[in-house]
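Here is the structure we will look at, set down as structure tokens.
Residue numbers (the working numbering), protein chains in the order written: chain F, 10 to 343; chain B, 13 to 278.
As structure tokens, this is what we get:
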């Protein structure tokens with residue numbers, strides 16, 4: 010009896026969503042409790058609710074709480090972005106990077122590191138603008154009397170390659186100024202505090218509410234354009250809408266934590282394996298799973314080489330890739 | 013009644029269909045046959061408003077289909093394309109429930125009545141015991157029935173099907189055709205389908221349209237079609253016509269003209 014078999018027995022969407030919600034709460038508490046200083050779960054709750062200005066309170070409130078909340082939101086945003094894109098492209102390789110989001114954000118981050126080394130606080134805004142511009146460019150290049158998923162993926166790859174080449178050129182021309190930007194490229198949550206959370210929250214909430222209304226339409230797009238049209242769906246309009254949502258989710262995430270490729274590609278697959286392809290269940294599952302995974306991995310990132318920390322992107326790939334392969338092996342029908 | 017008038021369609025300057033006119037009477041089963049690349053699938057898509065013709069019109073009960081809003085059109089007719097995504101991690105029930113989409117306001121979930129319609133569609137297609145199965149575990153014939161159930165749940169009186177029997181073995185082909193036949197007879201669904209097997213077309217359809225070289229070459233009662241020269245020209249075949257006493261329809265044995273002279277085919 011292995012885990013996937015047990016999961017298959019409990020495979021009712023409400024049960025899986027309830028389990029994922031419990032996992033979310035556990036990851037949240039673990040992320041608050043562990044780090045350079047260990048705090049017991051009871052103390053975590055007691056300290057936060059008492060609001061007394063102790064050292065523990067300051068660590069929790071000023072450092073760990075904002076960082077954990079940002080991890081949760083970014084994890085959910087990237088997972089949802091990937092789920093939306095895989096859904097509309099009907100392609101398992103689709104991820105936010107397909108839209109050129111990462112390449113655009115990366116290039117603009119380097120621009121700022123090189124052109125405005127004294128204004129590094131502009132990096133998130135620059136990365137956000139870069140991500141959106143790259144997205145729009147990819148969409149326009151792929152557009153010809155409607156959007157075909159394949160053309161969108163190919164133009165995404167081409168634009169990413171082009172922007173990547175520009176970025177490499179910058180690195181070679183200005184090696185000494187590019188060092189700091191490399192941390193952005195790996196992606197990490199160190200130094201995240203309340204202002205980042207306040208930037209992220211409205212975008213994330215806006216996106217969550219928007220897509221909560223349209224899981225049906227996303228399901229129909231998965232059936233293929235012709236079947237979706239035969240069912241009365243306005244295919245082009247909804248595809249543009251979902252691409253815009255995915256772009257918003259990933260651009261705002263990338264601009265705050267840098268490039269975390271893994272979450273947007275693999276969390277949607279994990280969620281699909283757990284709960285199936287019906288987006289009514291898949292979207293919340295992917296969001297919960299992405300949030301939990303990022304909070305949990307960020308905790309590990311803070312602990313493994315304590316007192317220094319690893320970028321969470323590395324932990325995500327090291328842990329997530331083998332776990333994903335394990336899930337995949339349990340599935341003979343994929 | 014669906015009527016096609018003087019329809020022409022070009023794909024990147026290459027003519028696919030030229031000046032096609034035909035009508036689909038309500039309550040009938042209509043077959044489209046013709047050699048590969050003759051535009052059979054294209055005309056289905058034009059009839060379902062998925063492609064825009066360069067010339068001519070398609071009217072549903074005297075209304076231009078291009079003027080009917082998407083969801084309203086989906087309540088009146090639907091098309092099952094040949095290439096469907098059928099290897100999906102969805103249950104049969106979930107797939108069939110997608111057929112309710114045109115009946116739902118954009119933000120609403122399935123109501124009790126919608127669930128009843130889905131159960132009814134599953135019953136009609138003999139899929140009730142399959143409803144919790146995932147699509148990717150079904151055979152081709154079962155998946156085809158699931159898609160037909162989805163179209164039934166959609167409640168559109170006119171069904172267009174592009175090669176519903178392709179890739180199925182003969183027993184599943186007959187299952188699908190018998191199912192469509194019973195939907196026509198008992199539920200009064202109008203059915204238009206592209207078929208490759210001429211004898212199946214003759215047996216199951218009321219009227220048959222033969223397409224060849226971008227034009228509608230012949231339209232005839234299915235009992236007469238085997239005797240026409242159009243079908244011989246379209247496929248470049250000889251046909252010996254016999255009569256099937258049990259199904260009360262003619263059937264043909266076909267040969268390539270050159271093969272007449274070969275005693276044995278190697």
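Positions of the beta carbon are idealized from the N, C-alpha and C atoms, including for glycine.
A quick note: this is a predicted structure, and the numbers were derived from the prediction, not measured.
Compute the minimum distance between the beta carbon of residue i and the heavy atoms of the ligand MN, and state whether it is under 7 Å.
i, result
"residue 65/F", "Annotation note on the ligand MN: not contained in the displayed structure, which lists no ligands."
Taking the C-alpha atoms as reference points, what is the distance between residue i and residue j?
i, j, result
"residue 185/B", "residue 84/F", "48 Å"
"residue 326/F", "residue 117/B", "42 Å"
"residue 343/F", "residue 94/F", "In this prediction, residue 343/F scores a pLDDT of 48, lower than 50, which makes its location untrustworthy; the coordinate-derived value is nonetheless stated afterwards. Taking the straight line joining both Cα atoms gives about 19 Å."
"residue 106/B", "residue 123/B", "14 Å"
"residue 197/B", "residue 164/B", "14 Å"
"residue 267/B", "residue 248/B", "9 Å"
"residue 143/B", "residue 226/F", "21 Å"
"residue 194/F", "residue 252/F", "23 Å"
"residue 19/B", "residue 173/B", "20 Å"
"residue 40/B", "residue 31/B", "23 Å"
"residue 36/B", "residue 215/B", "18 Å"
"residue 135/F", "residue 238/F", "39 Å"
"residue 25/B", "residue 62/B", "19 Å"
"residue 41/F", "residue 48/F", "8 Å"
"residue 181/B", "residue 223/F", "38 Å"
"residue 49/B", "residue 82/F", "51 Å"
"residue 15/B", "residue 269/F", "55 Å"
"residue 118/F", "residue 266/F", "12 Å"
"residue 195/B", "residue 201/B", "6 Å"
"residue 230/F", "residue 309/F", "38 Å"
"residue 258/F", "residue 24/F", "27 Å"
"residue 126/B", "residue 240/F", "15 Å"
"residue 232/F", "residue 314/F", "47 Å"
"residue 203/F", "residue 211/F", "13 Å"
"residue 85/B", "residue 77/B", "7 Å"
Going along chain B, which residues have a C-beta under 7 Å from residue i?
i, result
"residue 241/F", "82, 83, 85, 86, 113, 114"
"residue 281/F", "101"
"residue 21/F", "Ordered by position in chain B, no residue passes the 7 Å Cβ test against residue 21/F, which lies about 11 Å from the chain."
Given that residue i touches chain F, what residues does it touch there, using C-beta distances under 9 Å?
i, result
"residue 127/B", "Within chain F, no residue comes near residue 127/B; the closest Cβ sits about 14 Å away, beyond 9 Å."
"residue 44/B", "Result: empty, since nearest Cβ-Cβ is about 17 Å, beyond 9 Å."
"residue 106/B", "228, 285, 286, 287, 289"
"residue 166/B", "239, 240, 241"
"residue 96/B", "232, 233, 235, 236"
DSSP puts residue i in a beta bridge; with which residues?
i, result
"residue 86/F", "DSSP, once it has assigned bridges, lists no residue as partnering residue 86/F."
"residue 231/B", "221/B"
"residue 26/B", "23/B"
"residue 216/B", "The partner list for residue 216/B (beta bridge, DSSP) is empty, contrary to what the question assumes."
"residue 254/B", "263/B"
"residue 31/F", "Residue 31/F is not bridged to any residue."
"residue 203/B", "41/B, 171/B"
"residue 16/B", "34/B, 70/B"
"residue 146/B", "103/B"
How would you list, in chain order, the residues of chain F whose beta-carbon sits under 7 Å from the beta-carbon of residue i?
i, result
"residue 40/B", "None at all; the shortest Cβ gap to chain F is about 20 Å."
"residue 119/B", "222"
"residue 247/B", "By Cβ distance, chain F contributes nothing, its closest Cβ being about 27 Å from residue 247/B, past 7 Å."
"residue 142/B", "Ordered by position in chain F, no residue passes the 7 Å Cβ test against residue 142/B, which lies about 16 Å from the chain."
"residue 21/B", "None at all; the shortest Cβ gap to chain F is about 15 Å."
Could you name the residues of chain F that residue i contacts, counting a contact when the two beta carbons are closer than 8 Å?
i, result
"residue 93/B", "233, 235, 236, 239"
"residue 90/B", "239, 240"
"residue 179/B", "Ordered by position in chain F, no residue passes the 8 Å Cβ test against residue 179/B, which lies about 16 Å from the chain."
Residue i versus chain B: which residues are under 9 Å apart at the beta carbon?
i, result
"residue 248/F", "Those do not exist, as residue 248/F stays about 14 Å from chain B at its closest Cβ, beyond 9 Å."
"residue 55/F", "Under the 9 Å cutoff, chain B gives no residues; its nearest Cβ is about 41 Å from residue 55/F."
Are the C-beta of residue i and some C-beta of chain C separated by less than 8 Å?
i, result
"residue 148/B", "In the displayed structure, chain C is absent; the protein chains listed are F and B."
- Of the residues that make up the stretch 286-297 of chain F, which ones have a beta carbon closer than 7 Å to any beta carbon in chain B? For the stretch 286-297 of chain F, which is checked against every Cβ of chain B, the residues closer than 7 Å are 286, 287.
- Report the residue ranges of all alpha helix (DSSP H) runs contained in full by the stretch 111-136 of chain B; include only those spanning at least 4 residues, in chain order. 124-136
- Item | Contact set between the stretch 56-72 of chain B and chain F, restricted to residues whose Cβ is under 9 Å from the partner | 57, 60, 61, 62
- Message: Just to confirm the assignment: which complete beta strand (DSSP E) runs, minimum length 3, are found wholly within the stretch 39-123 of chain B?
- Response: 41-45, 67-72, 89-92
- Message: Short of 9 Å Cβ to Cβ, which residues in the stretch 68-102 of chain F face chain B?
- Response: 99
- Run through the stretch 97-183 of chain F for me and flag every whole alpha helix (DSSP H) of 4 or more residues, listed as ranges in chain order. 110-124, 132-151, 158-182
- Item | Inside the stretch 304-341 of chain F only - beta strand (DSSP E) runs reaching at least 3 residues | none
- Using a beta-carbon distance cut-off of less than 7 Å, what residues from the stretch 196-207 of chain F approach chain B? none
- Task: Scan the stretch 201-224 of chain B for residues whose Cβ lies nearer than 7 Å to a Cβ of chain F and list them as they occur along the chain.
- Result: none
- Message: For a minimum of 3 consecutive residues, which ranges assigned as the beta strand (DSSP E) are wholly contained in the stretch 153-184 of chain B?
- Response: 170-174
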